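Note that numbering that gives the first Met the number 0 has the sequence shown beginning at 0, numbered continuously upward.
Just so it is clear, CB atoms sit at the ideal spot from N, CA and C, and this is done for glycine as well.
As the structure is a computational prediction, the values presented were derived from the model and not from experiment.
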Amino acid sequence: MKLTTAQFKTDFLAEIKTLYATDLSDTSAFGQFVALGHLLRRYDGPNWTRTSERYRQDDVKQVYYFSIEFLPGRLLKSNLLNLGLMQPVRQGLQELGLDLENISAAEPDPGLGNGGLGRLAACYMDSMASLGLAGNGNGIRYRYGLFKQVFMNGYQVELPDDWLRNGDVWEIRRENKACLVRFGGNVWMTPQADGSLKPTYEHTDDVLAVPYDTGMVGDHNGVTNTLRLWSAELPPSADQTYYSQAQRDRIDEITKVLYPDDSNSAGQALRLRQEYFFSSAGVQSILRHYSLRHHGVRELGQKIAIHINDTHPTLVIPELMRLLMDDHHCSWDVAWELTREVMSYTNHTIMQEALETWPIDMFKGLLPRLYQIVVEIDRHYRADKTPIFGEALVNRTAPLGNGQVRMAYLAVIGSHSVNGVAPLHTELLKTDVLRDLYAVYPERFNNKTNGIATRRWVQIANEPLAALIDQKLGTEWRHEPSQLKLLGAYATEPAFLKQLTAVKTKNKQALAKYIQSELGLTLRTDAIFDVQIKRLHAYKRQLLHVFEIIREYLAIKEHPAQVEPPRVHIFGAKAAPSYHYAKSIIKLINALADLVNHDPDIGDRLKVAFIPNYGVSLGELIIPAADVSEQISTASKEASGTSNMKLMANGALSLATRDGANIDIIQAAGEANEYPFGLSAKAVYGYYERGDYHAADFYQADPELKRVLDTLIDGTIPGVSTEGREIYDSLLRYNDEFFVLADYESYIQQQRQISHDFQDQRQWQQKALANIAAAGVFSADLAVARYADDIWQMPHTPLKA
Ligand code: TH1
Numbered sequence: 000m001k002l003t004t005a006q007f008k009t010d011f012l013a014e015i016k017t018l019y020a021t022d023l024s025d026t027s028a029f030g031q032f033v034a035l036g037h038l039l040r041r042y043d044g045p046n047w048t049r050t051s052e053r054y055r056q057d058d059v060k061q062v063y064y065f066s067i068e069f070l071p072g073r074l075l076k077s078n079l080l081n082l083g084l085m086q087p088v089r090q091g092l093q094e095l096g097l098d099l100e101n102i103s104a105a106e107p108d109p110g111l112g113n114g115g116l117g118r119l120a121a122c123y124m125d126s127m128a129s130l131g132l133a134g135n136g137n138g139i140r141y142r143y144g145l146f147k148q149v150f151m152n153g154y155q156v157e158l159p160d161d162w163l164r165n166g167d168v169w170e171i172r173r174e175n176k177a178c179l180v181r182f183g184g185n186v187w188m189t190p191q192a193d194g195s196l197k198p199t200y201e202h203t204d205d206v207l208a209v210p211y212d213t214g215m216v217g218d219h220n221g222v223t224n225t226l227r228l229w230s231a232e233l234p235p236s237a238d239q240t241y242y243s244q245a246q247r248d249r250i251d252e253i254t255k256v257l258y259p260d261d262s263n264s265a266g267q268a269l270r271l272r273q274e275y276f277f278s279s280a281g282v283q284s285i286l287r288h289y290s291l292r293h294h295g296v297r298e299l300g301q302k303i304a305i306h307i308n309d310t311h312p313t314l315v316i317p318e319l320m321r322l323l324m325d326d327h328h329c330s331w332d333v334a335w336e337l338t339r340e341v342m343s344y345t346n347h348t349i350m351q352e353a354l355e356t357w358p359i360d361m362f363k364g365l366l367p368r369l370y371q372i373v374v375e376i377d378r379h380y381r382a383d384k385t386p387i388f389g390e391a392l393v394n395r396t397a398p399l400g401n402g403q404v405r406m407a408y409l410a411v412i413g414s415h416s417v418n419g420v421a422p423l424h425t426e427l428l429k430t431d432v433l434r435d436l437y438a439v440y441p442e443r444f445n446n447k448t449n450g451i452a453t454r455r456w457v458q459i460a461n462e463p464l465a466a467l468i469d470q471k472l473g474t475e476w477r478h479e480p481s482q483l484k485l486l487g488a489y490a491t492e493p494a495f496l497k498q499l500t501a502v503k504t505k506n507k508q509a510l511a512k513y514i515q516s517e518l519g520l521t522l523r524t525d526a527i528f529d530v531q532i533k534r535l536h537a538y539k540r541q542l543l544h545v546f547e548i549i550r551e552y553l554a555i556k557e558h559p560a561q562v563e564p565p566r567v568h569i570f571g572a573k574a575a576p577s578y579h580y581a582k583s584i585i586k587l588i589n590a591l592a593d594l595v596n597h598d599p600d601i602g603d604r605l606k607v608a609f610i611p612n613y614g615v616s617l618g619e620l621i622i623p624a625a626d627v628s629e630q631i632s633t634a635s636k637e638a639s640g641t642s643n644m645k646l647m648a649n650g651a652l653s654l655a656t657r658d659g660a661n662i663d664i665i666q667a668a669g670e671a672n673e674y675p676f677g678l679s680a681k682a683v684y685g686y687y688e689r690g691d692y693h694a695a696d697f698y699q700a701d702p703e704l705k706r707v708l709d710t711l712i713d714g715t716i717p718g719v720s721t722e723g724r725e726i727y728d729s730l731l732r733y734n735d736e737f738f739v740l741a742d743y744e745s746y747i748q749q750q751r752q753i754s755h756d757f758q759d760q761r762q763w764q765q766k767a768l769a770n771i772a773a774a775g776v777f778s779a780d781l782a783v784a785r786y787a788d789d790i791w792q793m794p795h796t797p798l799k800a
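So this is what it looks like as C-alpha cells:
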C-alpha cells in the first residue's frame with residue numbers, strides 16, 4: 000500500500016486523539032503501540048474484507064490449519080513489513096520524536112505455544128497469506144500463555160503470562176459467529192422415518208465457543224487471511240439457566256491456560272476438553288460457512304481441506320462425521336468418504352511419551368456421541384482390514400485398543416495423507432513408530448520438510464543482514480528466498496566477508512547489551528557466541544553442551560597459558576513445570592554460570608549466559624548474534640528442529656548430530672561448512688537392538704570425560720549436590736538413555752575444531768555465507784507450497800524453487 004510519511008503522521012496523531020482524548024506527549028510506548036495497531040488495522044481492513052469476499056465469490060478451496068498451539072510473535076513489525084509500510088512509519092515516528100523499536104517492544108508477545116510446533120503453525124500462516132492461498136488457522140485463545148520463566152537462586156520459577164491484561168489490538172471478537180460445544184450427558188439415537196438416526200441429548204454441559212479473529216497479512220499481495228482462536232464462555236442463558244460457581248469455573252478453565260508440555264502428552268481430562276472444544280467449534284464454523292454457498296455436501300472435498308497439526312486436533316475426524324450424519328443426513332459411507340478426502344495429518348514426533356491416548360472411560364464420559372462414532376470407525380477398520388492384514392496387526396493398529404482411544408492411529412485412518420517433518424523422521428515413521436499403519440496405507444505417507452518464515456527470521460530479526468543482501472542481490476530475495484543461493488558468488492570477495500563480520504558484530508553488540516542489562520554480565524563481542532535455544536529436554540541434550548563448558552573451564556584453570564578464542568555459551572530454554580530432570584539441568588547450568596562468570600582466573604575468556612524466558616521475541620534478538628548453532632539431539636529423536644534453520648539463515652554454523660533436518664542442512668550447506676558429529680540414527684537403533692550400550696565404559700575409557708563428569712559430584716560446582724548426583728546417576732547408574740557419553744568425544748572434537756577455525760575469520764565468514772546462501776531451501780513458503788500441491792490440492796502463486 001502507498002503511504003507518505005506526512006499522511007502517516009497525520010493519521011497517527013488523529014488516532015492518538017481519538018483513542019485517548021489527549022496528545023502524544025501524554026501517552027506511553029504501549030499507548031502508542033495500541034494506536035499504531037488500530038491504524039494498521041484500519042489500513043489493512045479493506046484487504047481483509049476483500050480477501051474474504053474474493054474467496055467467497057470465486058468459491059475457492061479453503062484450507063483450515065488446526066493447531067492447539069500458535070506462536071505468532073509480535074505482529075507490529077511483521078504487519079508493517081508485509082504491508083510495505085516499514086519505511087514511512089519508521090520515518091514518520093522518528094519525525095514525531097518516537098522510535099519504532101521502542102514502540103514495538105511494548106507489544107505483548109502471545110505465548111500461545113510451547114516451541115517448534117506452535118511456531119511452525121505461525122510461520123505457515125504467514126506463508127499461506129503470502130502465497131495468496133486461502134488458508135485459515137484454527138486454535139485456542141488461551142487467557143494465559145506459556146508461563147513466564149524467572150530464575151530464583153538458579154531454579155526455574157513459573158509466573159503467569161497475563162498477555163491479555165491490556166487487551167489485544169489485533170483481534171476481533173465475533174460473537175455472532177459463536178457456536179455451542181457439548182460435553183458429557185447422555186445421548187440416544189432415534190430412528191427417523193427416512194431410516195436415518197437422530198440424536199437426542201440429555202444433561203449435557205454446554206459451552207459457548209466465541210471466535211476471536213486476527214488478520215494474517217500476506218507479503219505485499221493485498222491478501223489478509225484469518226487466524227481464528229476460540230474462547231470458552233457461558234452459553235447465553237435465555238432460559239435463565241442457573242450456573243453454579245463450579246460450572247462457571249469448569250467452563251472458564253477450558254481456555255484458561257496452555258498446557259506447558261512440549262513433546263509430552265498431558266493425560267488429563269482438561270486437555271481432552273480443550274482438544275474437543277476447538278476441534279468441534281472449528282468444524283462447526285467450517286460447515287456453517289460452507290453451507291452458505293453450497294446445497295448439500297457433495298462438493299465438500301473439492302472446497303475444503305482440514306489439516307491436523309499433530310494429534311491434538313484429531314477429533315475433527317469423528318466431529319466431521321457427526322455433523323455430516325446427524326445434521327447433514329449423510330450415510331456412514333458417504334460421510335466417511337468425505338471425511339478422509341478432507342483430512343490430512345502431520346506427525347511431529349517419534350517420542351513415545353508424546354503419542355496421545357485417552358482412557359476409553361474418560362473419553363466416553365466426556366464425549367458420548369463422539370465415542371459412538373469412534374467405535375464405528377474402529378469396527379469398520381477391523382472388518383475391512385482383518386481379512387487382508389490379519390488380526391494381530393489390526394489389533395495393534397485399530398483406533399481402540401488396550402482400553403485407550405489411540406489418537407495417532409485414528410488420525411492416520413481418518414486422513415488421506417500422513418506426513419513427517421524431515422526425511423529421516425518420515426523414514427522412522429514408516430519403519431518404526433507407525434510401521435504397521437504404513438503397511439496398511441503405504442500411499443498415504445509422505446514427507447514435508449519443515450520451513451521457516453525468512454520474513455520474520457531474517458528481514459525483521461536481522462535488518463543489517465537483510466540490507467547487506469539487498470546491496471548484492473537487490474530485493475527480489477525478500478519474496479523469493481531461494482534467490483539467496485546467488486550470494487554464493489561473493490564467497491571470494493574479501494570486502495563482502497568483512498561486511499558480514501561487521502553485521503554479526505553489530506548483532507552481537509545488541510545481544511550483549513541486553514545480557515548486560517538483564518544478567519549484569521559483560522561480554523566480549525569478539526568471542527564465539529555459541530547458542531542453544533530450545534525447550535529443555537533430556538533428548539535435546541543441553542547436558543552435552545554443559546560438559547563442553549566444564550571442559551573449557553577446567554582447561555583454562557589447569558592450562559592457563561593455552562590460549563583459545565574466548566567463548567560465550569548462550570542458553571534459552573524453558574522446562575515443563577512438572578519435568579523434574581529438566582529443571583535440575585537448568586539449576587546445573589545456572590550454577591555453572593555462577594562459577595565460571597565469577598572466577599577471576601577465567602576473566603573474559605569464558606562466559607555462560609542463561610537468558611530467562613526464551614520465546615519468539617528473544618529468539619529474534621539471539622539468533623542474529625549466533626556464531627555457532629547447537630543442534631545436538633540424540634540422532635532419531637528430534638523430528639525436524641526449526642531453530643537450526645533460523646540460525647543457519649542468520650549465518651551461524653551448525654554443530655549438529657545427524658538428526659531431523661540437521662541432515663538436510665548439512666547437505667544443503669555442505670559438510671565442510673558445518674560441524675557434524677555423533678552416532679547416526681542407525682547406530683542408535685543398533686544399540687537398541689543389541690541392547691549393548693554401556694555408558695560406564697565410556698566413562699572408564701576416557702580420563703577427560705571422567706574428570707568432567709566427576710565435577711557433578713565432587714563439589715567443583717557449588718550448590719548442586721542434589722542435582723549433580725541426580726544427573727550423574729542418570730548417566731552412570733541408569734545407563735544414559737540419550738547416549739550423551741557415547742557422543743561426548745566426537746562432540747568435543749568438533750568444539751575444538753570450531754575454536755581453531757574461528758581464528759581464521761575470512762574462512763569462517765565464508766562458511767557463514769554458505770549457510771545463509773543455502774537457507775532459502777528451508778523457506779516456509781516453499782514448504783507450504785508443497786503442502787498445497789501434494790496434500791491440499793490448492794492453487795497458489797507459483798514459486799521459483
Ligand atoms: C516439535 C518437534 O519436537 C520438533 O522436532 C519439530 O521441529 C517441531 O515440532 C515442528 O515440527 C514438537 N512439538 C510438540 C509439542 C507437543 C507434542 C508433540 C510435539 S513435537 C505438545
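Rounded separation between residue i and residue j - CA only
i: E352; j: E479; result: 39 Å
i: H424; j: N418; result: 9 Å
i: S745; j: A572; result: 24 Å
i: P235; j: D251; result: 14 Å
i: V88; j: T4; result: 7 Å
i: P623; j: T50; result: 34 Å
i: S129; j: N78; result: 12 Å
i: L542; j: I584; result: 7 Å
i: M793; j: T348; result: 26 Å
i: A800; j: D193; result: Confidence at A800 is low in this model, with a pLDDT of 48, below 50, so its placement is unreliable and the value that follows should be read with caution. Rounded to whole angstroms, A800 to D193 spans 53 Å at the Cα level.
i: F546; j: L587; result: 11 Å
i: P565; j: N661; result: 26 Å
i: A779; j: D108; result: 21 Å
i: Y538; j: I527; result: 25 Å
i: L196; j: P190; result: 4 Å
i: L678; j: V530; result: 21 Å
i: I771; j: R477; result: 13 Å
Inter-residue CB distance, residue i and residue j (contact presumed, cutoff 8 Å)
i: D260; j: A575; result: 5 Å
i: L75; j: G36; result: 7 Å
i: I285; j: W229; result: Not a contact, Cβ separation roughly 13 Å.
i: A767; j: L620; result: In fact, because the Cβ distance is near 18 Å, the residues do not count as touching under 8 Å.
i: Q273; j: I253; result: 6 Å
i: A655; j: I631; result: 7 Å
i: A668; j: A769; result: 5 Å
Beta-carbon proximity list for residue i, same chain, < 6 Å, skipping 5 on both sides
i: Y686; result: Y692
i: L23; result: I15
i: G114; result: D261, R534
Within-8 Å CB hit, residue i to chain B
i: Y54; result: Among the chains in the structure shown there is no chain B, since it carries only a single protein chain.
Same chain, Cβ closer than 7 Å to residue i, five either side skipped, listed in chain order
i: I372; result: P317, M320, R321
i: V832; result: Because the chain in this structure spans residues 0 to 800, residue 832 falls outside the shown range and cannot be described.
Neighbourhood of residue i by C-beta distance below 8 Å, restricted to the same chain and skipping five residues each side
i: T338; result: I316, L319, M320, L323, G413
i: Q809; result: Lying outside 0 to 800, the shown extent of the chain, residue 809 is not represented and no answer is given.
Is it true that the region 271–287 meets the region 304–320, where meeting means three or more beta-carbon pairs spaced less than 8 Å apart? yes
Touch check for the region 302–315 and the region 330–344: three-plus C-beta pairs under 8 Å? yes
Touching or not, the region 141–148 and the region 205–219, by the rule of three or more beta carbon pairs under 8 Å? no
Meets three-Cβ-pair contact criterion under 8 Å: the region 639–646 and the region 264–272: no
Touch test, the region 112–131 against the region 435–455, Cβ-Cβ under 8 Å, three pairs minimum: yes
Validate contact between the region 93–100 and the region 13–21 using beta carbons, cut 8 Å, 3 pairs: no
Counting pairs of Cβ atoms below 8 Å between the region 751–762 and the region 431–446, do you hit three or more? no
Stretch pair the region 383–397 + the region 596–615: three plus CB contacts closer than 8 Å: no
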